[in-house]
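See structure below.
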Amino acid sequence: MVGSKKGLTFRYLIAFALLIVMVFPYLYMVMNSFADWTQVDKKVVPTEFTMRSYEWLFSGGEAGIARPWLKAFFNSVIVSTASTALMMVTGAMVAFALAKMNFKGRDFINNAVLFQMFFPAIILLIPTFLIIQNAGLYDTYTAMILPKAMSLWAVFMYTNFFRAIPDTFIEAAKLDGASNFQILYKIVMPMSKSITTVVFLFLFMERWTELLWDMIVVRSDGMLTLNVLLSQMFGPYGGYPGPMYAASVLLTVPIIILFLFFSKQFKEGMQFTLK
Amino acid sequence: MMKRNGTGWLFASPYLLYAVIFFAIPLIWSMYLSFTDWNLISPVYYFKGFDNFIEAVKHPGVQAAFFVTFKFMAAFVPVVIVSSLAVALVIHGLPKFKGLFLIGFFLPYLASGVVSSLIVKGLLSHNSAFNVFLRKFGIEVDWLSTPLSALLVVAAIIAWKFTGYYALILTAGFEGINKDVYEAAAIDGVTPSQRFWKITLPLLYPALFTVLILSIGVSFGIFTEVYQLTGGGPNYATNTWQMEIFKQAFTNLSAGYASAVAIIASVVTFASILVIRKLLEMWGKRNGWV
Numbered sequence: 000m001v002g003s004k005k006g007l008t009f010r011y012l013i014a015f016a017l018l019i020v021m022v023f024p025y026l027y028m029v030m031n032s033f034a035d036w037t038q039v040d041k042k043v044v045p046t047e048f049t050m051r052s053y054e055w056l057f058s059g060g061e062a063g064i065a066r067p068w069l070k071a072f073f074n075s076v077i078v079s080t081a082s083t084a085l086m087m088v089t090g091a092m093v094a095f096a097l098a099k100m101n102f103k104g105r106d107f108i109n110n111a112v113l114f115q116m117f118f119p120a121i122i123l124l125i126p127t128f129l130i131i132q133n134a135g136l137y138d139t140y141t142a143m144i145l146p147k148a149m150s151l152w153a154v155f156m157y158t159n160f161f162r163a164i165p166d167t168f169i170e171a172a173k174l175d176g177a178s179n180f181q182i183l184y185k186i187v188m189p190m191s192k193s194i195t196t197v198v199f200l201f202l203f204m205e206r207w208t209e210l211l212w213d214m215i216v217v218r219s220d221g222m223l224t225l226n227v228l229l230s231q232m233f234g235p236y237g238g239y240p241g242p243m244y245a246a247s248v249l250l251t252v253p254i255i256i257l258f259l260f261f262s263k264q265f266k267e268g269m270q271f272t273l274k
Numbered sequence: 000m001m002k003r004n005g006t007g008w009l010f011a012s013p014y015l016l017y018a019v020i021f022f023a024i025p026l027i028w029s030m031y032l033s034f035t036d037w038n039l040i041s042p043v044y045y046f047k048g049f050d051n052f053i054e055a056v057k058h059p060g061v062q063a064a065f066f067v068t069f070k071f072m073a074a075f076v077p078v079v080i081v082s083s084l085a086v087a088l089v090i091h092g093l094p095k096f097k098g099l100f101l102i103g104f105f106l107p108y109l110a111s112g113v114v115s116s117l118i119v120k121g122l123l124s125h126n127s128a129f130n131v132f133l134r135k136f137g138i139e140v141d142w143l144s145t146p147l148s149a150l151l152v153v154a155a156i157i158a159w160k161f162t163g164y165y166a167l168i169l170t171a172g173f174e175g176i177n178k179d180v181y182e183a184a185a186i187d188g189v190t191p192s193q194r195f196w197k198i199t200l201p202l203l204y205p206a207l208f209t210v211l212i213l214s215i216g217v218s219f220g221i222f223t224e225v226y227q228l229t230g231g232g233p234n235y236a237t238n239t240w241q242m243e244i245f246k247q248a249f250t251n252l253s254a255g256y257a258s259a260v261a262i263i264a265s266v267v268t269f270a271s272i273l274v275i276r277k278l279l280e281m282w283g284k285r286n287g288w289v
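Quick note, the sequences are listed as chains A and B, same order. For the record, in the first sequence the residue sitting at position 115 is 114 according to numbering that gives the first Met the number 0, with numbers rising by one throughout. For the record, in the second sequence the residue sitting at position 139 is 138 according to numbering that gives the first Met the number 0, with numbers rising by one throughout.
What follows is the structure, encoded as structure tokens:
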């Protein structure tokens with residue numbers, strides 16, 4: 000497939016052009032968050048810039064439609080971090096049992112995980128809401144974290160990865176008197192860094208951008224995640240597109256930085272998952 | 000042995016708890032609710048037998064959800080396959096910066112649906128550069144208030160999001176193909192189009208199959224973009240299952256009825272994916288790709 004030098008240059012040009020098209024929406028978002036308010040959504044590339052959108056956002060907006068944007072950002076951080084951490088711990092634990100332990104009922108649990116993974120989750124939405132409400136958890140962080148404290152996809156990914164780890168490592172540690180928790184924490188997890196990065200990034204990103212669930216279990220202003228708050232402001236802030244773009248930057252930039260920070264391990268991990 | 004059984008169950012216990020509280024109980028509860036007229040608030044409710052299901056099947060919102068999903072699939076799946084294939088074709092085997100490109104193309108996957116909806120809303124607003132440009136040629140489209148374009152806009156946003164992710168899968172597929180096959184074909188004087196259709200595509204089929212199944216799955220779970228941009232409209236043209244269930248359960252508070260809709264949605268989703276999967280497998284087998 001790799002042709003002449005000329006052909007290669009041509010492919011680089013095409014690849015670069017495609018990339019510009021694909022990241023254009025992000026560039027558009029960033030430019031408009033800094034654009035003078037008379038130019039927001041009016042020009043492809045704004046010519047005059049201001050910090051007004053960010054100042055407006057961080058001061059909460061105008062009286063009457065003031066909202067706790069910074070609090071929402073911290074809510075997102077708390078909820079996403081707690082939820083992702085739990086999903087990873089539970090995912091690795093269950094996967095370790097499924098991949099490396101011999102016990103009665105293991106095959107049953109394995110099949111149950113696979114069945115549930117491919118089961119359309121929409122059927123569970125209303126009763127899950129009712130469980131949270133009846134448990135008195137409506138409008139709390141727990142309501143957003145607990146139903147998302149476990150990811151079957153994480154279990155699935157870790158199980159596949161752990162199965163590829165030779166049993167000799169585990170047997171050797173057992174002879175040294177290590178407990179199962181110690182083996183998982185000190186031997187298996189350090190060997191699974193690349194897959195852990197992939198699982199972490201996908202889970203965190205998914206949790207960070209969740210809308211439907213966070214929207215129905217939380218009501219009060221101080222509890223909303225940034226994604227939900229931004230969603231709610233589509234109408235009321237319709238006349239203030241600049242601050243909306245600034246809020247979008249606030250929502251998007253952390254996840255991109257996180258991703259770029261781990262991009263090397265992410266590439267390594269993806270190689271395994273795509274085999 | 001007893002002890003080992005015990006630790007196995009101990010490690011698996013988070014799943015067991017989760018499966019009972021957030022799967023088994025909601026599943027049964029959902030079925031129970033679907034036979035009632037409960038409105039999410041009132042302490043009193045009555046059993047209606049299969050009335051909710053009959054009512055749902057007759058309801059335009061539910062009928063729309065059924066067809067919109069397939070219309071959406073017809074727009075989204077070909078677009079995302081072609082765009083991710085194009086990206087993969089261009090970047091696979093590049094001697095330098097390949098990783099950098101893959102990461103760059105993956106970035107849209109990180110976007111929140113709320114943010115991409117906001118950007119698209121801005122790009123398509125009445126006085127946006129794009130619409131002003133079109134008006135110079137006398138073209139005036141209200142993109143989100145026209146049924147067909149509204150559906151296509153949502154499909155385009157989702158295709159944008161997933162292109163880089165699927166290109167990653169396809170690139171890995173391309174790179175799994177043995178280069179010797181191409182050399183042998185070159186000696187036999189195979190034309191580029193023959194090479195693509197007779198060699199690349201069959202060898203790429205496993206990766207392509209994965210992408211097809213993933214993208215079809217995505218088609219059944221659209222919510223955020225529709226909720227932000229159209230609310231399911233105009234006239235149900237973008238009314239997805241999630242949108243219909245959300246409206247019925249949390250806007251109209253018809254919890255019983257919405258549960259029935261959710262059950263219908265789950266059955267339709269499960270059955271459709273199963274059938275499409277089987278058809279794809281048969282198609283691959285008939286062409287000798289599997």
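Idealized CB from N, CA, C, for every residue including glycine.
Query                                                                                                                                                                         : Result
Starting from Trp-196 (chain B), find everything on chain A with Cβ-Cβ shorter than 9 Å and list it in chain order.                                                           : In chain order: nothing, as chain A lies at least about 15 Å away.
Where does Gln-241 (chain B) land, buried or exposed, given buried means 16+ other C-beta within 10 angstroms?                                                                : buried
Quick one: what's got a C-beta closer than 8 Å to Leu-133 (chain B)'s C-beta in the same chain, skipping five residues either side?                                           : Glu-139, Val-140
For Ala-143 (chain B), is the classification buried or exposed, using 16 other Cβ atoms within 10 angstroms of its Cβ as the cut-off for buried?                              : Reading the sequence as shown, one finds Leu at residue 143 (chain B) and not Ala. Flag for Leu-143 (chain B) reads buried.
Report yes if the CB atom of Asp-35 (chain A) is closer than 9 Å to the CB atom of Glu-47 (chain A), and no otherwise.                                                        : yes
For chain B, is any of its Cβ atoms less than 9 Å away from the one on Ser-247 (chain A)?                                                                                     : yes
Which one of B:Thr-190, B:Pro-59, B:Leu-32, B:Ser-12 has the shortest CA to CA distance from Asn-51 (chain B)?                                                                : B:Leu-32
Please list, in chain order, all residues of the same chain as Thr-89 (chain A) whose beta carbon is under 6 Å from its beta carbon, the five residues on each side excluded. : Met-149
On the DSSP letters alone, give me the boundaries of the alpha helix (DSSP H) that Arg-276 (chain B) sits inside.                                                             : 254-285
Excluding the 5 residues flanking Phe-254 (chain B) on each side, which residues of the same chain have their C-beta closer than 7 Å to its C-beta?                           : At residue 254 (chain B) the sequence reads Ala, which differs from the Phe that was named. The residues are Leu-32, Trp-37, Asn-38, Leu-39, Ala-248.
Give me the chain B residues within the contact set of Leu-229 (chain A), using Cβ-Cβ distance strictly less than 9 Å, ordered along the chain.                               : Ser-111, Val-113, Val-114, Leu-117
CB-CB under 8 Å to Leu-279 (chain B), same chain, minus the five flanking residues each way: which ones, in chain order?                                                      : Phe-208, Leu-211, Ile-212
Would you report the Cα separation of Val-113 (chain B) and Leu-228 (chain B), rounded to the nearest angstrom?                                                               : 9 Å
At 7 Å on the CB atoms, spell out the chain B contacts of Thr-208 (chain A), in chain order.                                                                                  : Ser-111, Gly-112
Nearest to Met-87 (chain A) by alpha carbon, out of A:Lys-4, A:Phe-118, A:Lys-192?                                                                                            : A:Lys-192
Do you know offhand how far Ile-244 (chain B)'s Cα is from Leu-228 (chain A)'s?                                                                                               : 22 Å
Looking only at its chain, what residues have a beta carbon closer than 8 Å to the beta carbon of Val-67 (chain B), apart from the 5 residues adjacent to it on each side?    : Leu-150, Tyr-235, Ala-236, Thr-237, Asn-238, Thr-239
Nearest to Phe-33 (chain A) by alpha carbon, out of A:Trp-207, A:Met-50, A:Leu-273?                                                                                           : A:Met-50
Using CA atoms only, rank isn't needed, just tell me which of B:Val-78, B:Trp-28, B:Phe-22, B:Ala-259 is closest to Ala-155 (chain B).                                        : B:Val-78
Comparing alpha-carbon positions, which option in B:Tyr-226, B:Ile-157, B:Val-86, B:Val-89 lies nearest Ile-215 (chain B)?                                                    : B:Ile-157
Ignoring anything shorter than 3 residues, give me the beta strand (DSSP E) runs that lie fully in the segment 27-56 of chain A, in order along the chain.                    : none
Measure the beta-carbon distance from Ala-85 (chain B) to Phe-173 (chain B) and round it to whole angstroms, keeping in mind my assumption that it falls under 8 Å.           : In fact, because the Cβ distance is near 12 Å, the residues do not count as touching under 8 Å.
To the nearest angstrom, how far is the alpha carbon of Lys-266 (chain A) from that of Tyr-25 (chain A)?                                                                      : 22 Å
Counting only Cβ pairs nearer than 8 Å, list the residues of chain B close to Lys-192 (chain A).                                                                              : Under the 8 Å cutoff, chain B gives no residues; its nearest Cβ is about 18 Å from Lys-192 (chain A).
Just list the residues that DSSP pairs Phe-46 (chain B) with in beta bridges.                                                                                                 : B:Thr-35
Step through the CB atoms of chain B and report whether any lies within less than 9 Å of the CB of Asp-175 (chain A).                                                         : no
Check the Cβ-Cβ distances between Met-0 (chain A) and every residue of chain B, and say whether any is below 9 Å.                                                             : Model confidence at Met-0 (chain A) stands at a pLDDT of 47, short of 50, so the residue's coordinates are unreliable and nothing is read from them.
Give the DSSP-derived three-state secondary structure of Lys-185 (chain A) in the structure shown.                                                                            : helix
Whose CA, out of A:Asn-101, A:Thr-83, A:Trp-68, lies closest to the CA of Gly-5 (chain B)?                                                                                    : A:Asn-101
For Ser-262 (chain A), go through chain B and note every residue whose CB falls closer than 7 Å to its CB, in chain order.                                                    : Ile-102
Just verifying my parser: in three-state terms, what is the DSSP assignment at Val-79 (chain B)?                                                                              : helix
Would the beta-carbon of Gln-227 (chain B) be found less than 8 Å away from any heavy atom of the ligand MG?                                                                  : With respect to the ligand MG, the structure shown offers nothing to examine, as it has no ligands at all.
My parser needs the alpha helix (DSSP H) runs of 4 or more residues fully inside the segment 138-191 of chain B; what are they?                                               : 146-174, 178-186
Runs of 4 residues minimum, wholly inside the segment 46-126 of chain A: which ones carry the alpha helix (DSSP H) assignment?                                                : 51-57, 68-99, 105-116
Could you please give the first and the last residue of the uninterrupted alpha helix (DSSP H) stretch that includes Leu-249 (chain A)?                                       : 240-260
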